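Chemist: First, the structure itself, so that you have it in front of you.
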Amino acid sequence: MNTADAASPNTLGPFEISQLMLTATANGGSAASGTLVGASDHNLLGGRIALVCNPGDELSRTGALGSTRLNEAGFAELMTAIGDKRAKDGIRTLEVNNEKFEFYVEIRRPIRELVVVGAGHVAQPMAHIGALLGYQVTVLDDRPDFATRERFPDAQRLVRTDFTDPFAEVTLHERSYLILVTRGHKYDYECLIRALRTNPRPAYIGMIGSRRRVRATYLQLLEEGIDRELLASIHAPVGLDIGAETPEEIAVSVAAELIMLDRGGIGSSLRDLERVTSRFFRDPNLSQGENEGGRHEGQFNETDT
Amino acid sequence: MTYEDDKTLAEALKTAREEGRVCALATIVGTRGSTPRKVGARMLVDPKEGLTGTIGGGCGEAEVIESAYRVLKTGFAERVRVDLTEDFTTWSPAVCGGVMDVFVEPVEVQTGDQEQLSKESRTRAPNR
Chain V
8 MNTADAASPN TLGPFEISQL MLTATANGGS AASGTLVGAS DHNLLGGRIA
58 LVCNPGDELS RTGALGSTRL NEAGFAELMT AIGDKRAKDG IRTLEVNNEK
108 FEFYVEIRRP IRELVVVGAG HVAQPMAHIG ALLGYQVTVL DDRPDFATRE
158 RFPDAQRLVR TDFTDPFAEV TLHERSYLIL VTRGHKYDYE CLIRALRTNP
208 RPAYIGMIGS RRRVRATYLQ LLEEGIDREL LASIHAPVGL DIGAETPEEI
258 AVSVAAELIM LDRGGIGSSL RDLERVTSRF FRDPNLSQGE NEGGRHEGQF
308 NETDT
Chain G
100 MTYEDDKTLA EALKTAREEG RVCALATIVG TRGSTPRKVG ARMLVDPKEG
150 LTGTIGGGCG EAEVIESAYR VLKTGFAERV RVDLTEDFTT WSPAVCGGVM
200 DVFVEPVEVQ TGDQEQLSKE SRTRAPNR
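In structure tokens form, the structure reads like this:
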């Protein structure tokens, strides 16, 4: 073998894959990679391929697993994964020439962007927690001394804007999460109506405010001809009810709502959902019939895991 | 894994490569029941820099690290099944309640490592 192989796509390892996937998602594309993690021929283990789908739907393939048929089966699986928005990372089975291979598939979507409008006291912890959750964070304000690097050390972008045309420099898309926390409801309103009229619309629009303020804003939006259904899609007041009061607590509440929507949670205490005490332990103060579960006095069952 | 996790891992891989070190990469490829981390979680074992990322801390990580050192020695990937269903009263850290499948593979240094290279080319190159 010679050194020319070093540049060959057949030597696609974890390092090359991670670079490829990062570049693709940072450029607004999707990527799927597949690794052989189960095969009777141990030499095939760790073989990798990747499929990158760039924003213009242009596809590129890299790497090889082994035989042509195995490669074809692998790429077909990646194609399915990348096209299915609900596809999850995990093992798929490839069947080639009556032999089964375990093929671990991983999918990366374009990264999500958290657009925080207003650079005040709620925006600071909001940008921080957004970055912590893996969002690319953009902070907008019309005041140059607020959207500063010192105040927002982990924001990706700080944009000075005019609230009459707030998104002139920031393109909103299906993976934008918009948080409206400007210093005045007039600005929130102006940004909100802009955001509702963009196409494609952001994945999430949240606006801070009391019930009264939200109601007044909606009233005005209805008068402007925004339909009711669209209003219902706005998250206002923003966040999950955890009794948040301080800016930091509000940021946690908003972050909790974002995670809940993303992962499909319901925002209750796990304690209340799991009810471990009442389900698995008898209450000595209740009669037999009143006890809910308590079937084995806390003994574990096969199904309890 | 989030974009940031991916970036952290990529940086650790890059450092190891630049300094010419072979590392072992552990990936959770399957889980059943309750496990501390889910499919896709990764941990890099760099013999000099130590660990980057986690696949669940105390719960089973030690077993995977052991496998990682084996992989570094042999150069062959392994599948490890970590059983976290031990009885609670054993006070073992492995009581989360689930089982996870971890793929542990060597991350080879490609430049100037002809032996590794030719091995890879033999097994993965043909038929393109």
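Chains V and G, in that order, give the protein sequences.
Residue 8 is where the first sequence starts when you use the numbering used here, and the numbers rise one by one after that.
Residue 100 is where the second sequence starts when you use the numbering used here, and the numbers rise one by one after that.
From the three backbone atoms N, C-alpha and C, an ideal C-beta is built for every residue, glycine too.
Computed from a prediction, not measured in an experiment: that's the story for all the values here.
I'd like to confirm something about Val129/V: is its beta-carbon nearer than 8 Å to some heavy atom of the ligand HEM, or not?
Modeler: Among the components modelled here there is no ligand, and therefore nothing to report on the ligand HEM.
Chemist: So, for Glu6/V: in the same chain, excluding its five sequence neighbours on each side, which residues have a beta-carbon less than 6 Å away from its beta-carbon?
Modeler: A query on residue 6/V cannot be resolved here, the shown segment of chain V reaching from 8 to 312 and no further.
Chemist: Could one say the Cβ of Glu84/V lies closer than 9 Å to chain G's Cβ atoms, at least one of them?
Modeler: Locating residue 84/V in the first sequence gives position 77, counting from the first residue. Cβ-Cβ to chain G under 9 Å: no for Glu84/V.
Chemist: Can you tell me which residues form a DSSP beta bridge with Ala57/V?
Modeler: By one-based count along the first sequence, residue 57/V stands at place 50. Answer by DSSP bridge pairing, in chain order: Ser40/V and Thr69/V.
Chemist: Quick one: Cα of Phe159/V to Cα of Glu264/V, how far?
Modeler: On the first sequence, position 152 is the one that residue 159/V refers to. On the first sequence, position 257 is the one that residue 264/V refers to. The alpha-carbon atoms of Phe159/V and Glu264/V are separated by roughly 22 Å.
Chemist: Can you name the residues of chain V whose CB is closer than 7 Å to the CB of Tyr102/G?
Modeler: The sequence position of residue 102/G within the second sequence is 3, counting from 1. Simply Thr32, Ile118 and Gly141.
Chemist: For Cys198/V, name the three-state secondary structure that DSSP assigns.
Modeler: Taking the first residue of the first sequence as 1, we reach residue 198/V at position 191. In the structure shown, Cys198/V sits in a helix (DSSP, three-state: H, G or I).
Chemist: Give the range of the alpha helix (DSSP H) segment to which Ser166/G is assigned.
Modeler: Position 67 of the second sequence, counted from the start, is the residue given in the question as residue 166/G. Counting along the chain, the alpha helix (DSSP H) containing Ser166/G begins and ends at Glu160 to Thr173.
Chemist: Could you tell me which residues DSSP pairs with Ile19/V in its beta bridges?
Modeler: Position 12 of the first sequence, counted from the start, is the residue given in the question as residue 19/V. According to the sequence displayed, residue 19/V carries Leu and not Ile. None; Leu19/V has no bridge partner.
Chemist: Tell me which residues of the segment 38-53 of chain V have at least one Cβ-Cβ distance to chain G shorter than 8 Å, keeping chain order.
Modeler: Cβ contacts with chain G come from Thr42, Val44, Gly45, His49, Asn50, Leu51, Leu52 and Gly53.
Chemist: In chain G, what lies closer than 7 Å to Asp96/V by C-beta?
Modeler: As a first step, residue 96/V is located in the first sequence; it is residue number 89 there, counting from the start. Those within 7 Å of Asp96/V in chain G are Val138 and Gly139.
Chemist: Alpha carbon to alpha carbon, how far is Glu160/G from Ile154/G?
Modeler: Here residue 160/G is taken as the residue at index 61 of the second sequence, counted from 1. Here residue 154/G is taken as the residue at index 55 of the second sequence, counted from 1. C-alpha separation (whole angstroms): 7 Å.
Chemist: Using 9 Å as the limit for Cβ to Cβ distance, is Arg178/G near chain V?
Modeler: Along the second sequence, read from residue 1 onward, the residue named residue 178/G stands at position 79. Yes, Arg178/G counts as interfacial toward chain V.
Chemist: Using 8 Å as the threshold, is the segment 163-172 of chain G in touch with the segment 123-138 of chain G, meaning 3 or more CB pairs across them?
Modeler: With the cut-off at 8 Å, the segment 163-172 of chain G and the segment 123-138 of chain G touch.
Chemist: Does Val221/V come out as helix, strand or coil in the three-state DSSP assignment?
Modeler: For the purposes of this step, residue 221/V is identified with residue 214 of the first sequence, where counting begins at 1. Correct three-state label for Val221/V: helix.
Chemist: On the premise that Leu147/V lies in contact with Thr178/V, defined as a C-beta separation below 8 Å, what is that separation, rounded to the nearest angstrom?
Modeler: For the purposes of this step, residue 178/V is taken as residue 171 along the first sequence, with counting starting at 1. For the purposes of this step, residue 147/V is taken as residue 140 along the first sequence, with counting starting at 1. Not a contact, Cβ separation roughly 13 Å.
Chemist: Can you check the segment 137-215 of chain V for any alpha helix (DSSP H) of at least 4 residues that lies completely inside it and give the ranges in chain order?
Modeler: Listed in chain order, they are 192-203.
Chemist: Determine which residues share a DSSP beta bridge with Leu3/V and list them.
Modeler: This structure cannot settle anything about residue 3/V, because the visible part of chain V is limited to 8 through 312.
Chemist: Around the Cβ of Asn78/V, are there at least 16 other Cβ atoms within 10 angstroms (buried) or fewer (exposed)?
Modeler: Locating residue 78/V in the first sequence gives position 71, where the first residue counts as 1. Result: buried.
Chemist: Going by alpha carbons, who is nearest to Lys147/G out of Thr184/G, Ala115/G, Glu204/G and Gly197/G?
Modeler: For the purposes of this step, residue 147/G is identified with residue 48 of the second sequence, where counting begins at 1. The option with the nearest alpha carbon to Lys147/G is Ala115/G.
Chemist: What in chain G is Cβ-close to Gly20/V, meaning under 7 Å?
Modeler: As a first step, residue 20/V is located in the first sequence; it is residue number 13 there, counting from the start. Those are Val206 and Glu207, listed as they occur along chain G.
Chemist: At least one CB of chain V closer than 9 Å to the CB of Thr126/G: is that the case?
Modeler: Residue 126/G sits at position 27 when you count from the first residue of the second sequence. Yes, Thr126/G lies at the interface with chain V (some Cβ there is under 9 Å from its Cβ).
Chemist: Within the 9 Å Cβ cut-off, does Ala134/V reach chain G?
Modeler: As a first step, residue 134/V must be located in the first sequence, where it is residue number 127. Cβ-Cβ to chain G under 9 Å: no for Ala134/V.
Chemist: Beta carbon of Gly139/G, beta carbon of Met100/G: below 9 Å?
Modeler: Mapped onto the second sequence, residue 139/G falls at position 40. Mapped onto the second sequence, residue 100/G falls at position 1. It is a contact, given that the beta carbons lie within the stated cut-off.
Chemist: Give me the subset of the segment 102-119 of chain G whose CB atoms are less than 8 Å from a CB atom of chain V, sorted by chain position.
Modeler: Hits within the stretch, in order: Tyr102, Glu103, Asp104, Asp105, Lys106, Leu108, Ala109, Leu112, Lys113 and Arg116.
Chemist: Please report the distance separating the alpha-carbon of Phe82/V from that of Glu120/V.
Modeler: Sequence index remark: in the first sequence, residue 82/V carries index 75 (1-based). Sequence index remark: in the first sequence, residue 120/V carries index 113 (1-based). Those two C-alpha atoms are separated by around 29 Å.
Chemist: Kindly list, in the order they appear in chain V, the residues whose Cβ is closer than 7 Å to that of Gly129/G.
Modeler: Along the second sequence, one-based indexing puts residue 129/G at 30. What Gly129/G touches in chain V: Gly97 and Ile98.
Chemist: Here's a check: name, in chain order, each residue in its chain whose Cβ is nearer than 7 Å to the Cβ of Pro117/V, leaving out the five neighbours to either side.
Modeler: Indexing the first sequence from 1 puts residue 117/V at position 110. Counting only Cβ-Cβ distances below 7 Å, and skipping sequence neighbours, we find Thr32, Gly35, Gly36, Ser37 and Arg182.
Chemist: Comparing alpha-carbon positions, which option in Ile56/V, Asn105/V and Ser74/V lies nearest Met86/V?
Modeler: Numbered from its first residue, the first sequence carries residue 86/V at position 79. Nearest of Ile56/V, Asn105/V and Ser74/V to Met86/V, Cα basis: Ile56/V.
Chemist: Quick one: does Ala262/V have its CB under 9 Å from some CB of chain G?
Modeler: Start at 1 with the first residue of the first sequence, and residue 262/V comes out as number 255. Answer no: the Cβ-Cβ gap between Ala262/V and chain G never drops below 9 Å.
Chemist: Tell me, which residues are paired with Ala125/G by DSSP?
Modeler: As a position in the second sequence, residue 125/G is number 26, starting the count at 1. Beta-bridge pairing links Ala125/G to Met142/G and Val203/G.
Chemist: Kindly give me the distance between the Cβ atoms of Thr145/V and Val129/V, rounded to whole angstroms, as I take these residues to be in contact under 8 Å.
Modeler: Your numbering for residue 145/V matches position 138 in the first sequence. Your numbering for residue 129/V matches position 122 in the first sequence. Their Cβ separation, rounded to whole angstroms, is 16 Å, which puts Thr145/V and Val129/V out of contact at 8 Å.
Chemist: Hey, does Asp145/G have any beta-carbon neighbour from chain V nearer than 9 Å?
Modeler: By 1-based counting over the second sequence, the position of residue 145/G is 46. No - not a single Cβ of chain V is within 9 Å of the one on Asp145/G.
Chemist: Based on the DSSP secondary-structure assignment, which residues constitute the bridge partners of Lys107/V?
Modeler: Your numbering for residue 107/V matches position 100 in the first sequence. For Lys107/V, which the question treats as bridged, DSSP gives the partners Glu102/V.
Chemist: So, are the CB atoms of Lys137/G and Leu29/V less than 9 Å apart?
Modeler: Locating residue 137/G in the second sequence gives position 38, counting from the first residue. Locating residue 29/V in the first sequence gives position 22, counting from the first residue. Their beta carbons are not under 9 Å apart, which means Lys137/G does not touch Leu29/V by this criterion.
Chemist: What are the boundary residues of the alpha helix (DSSP H) that Gly90/V is part of?
Modeler: For the purposes of this step, residue 90/V is taken as the residue at position 83 of the first sequence. That run of the alpha helix (DSSP H) goes Thr75 to Gly90.
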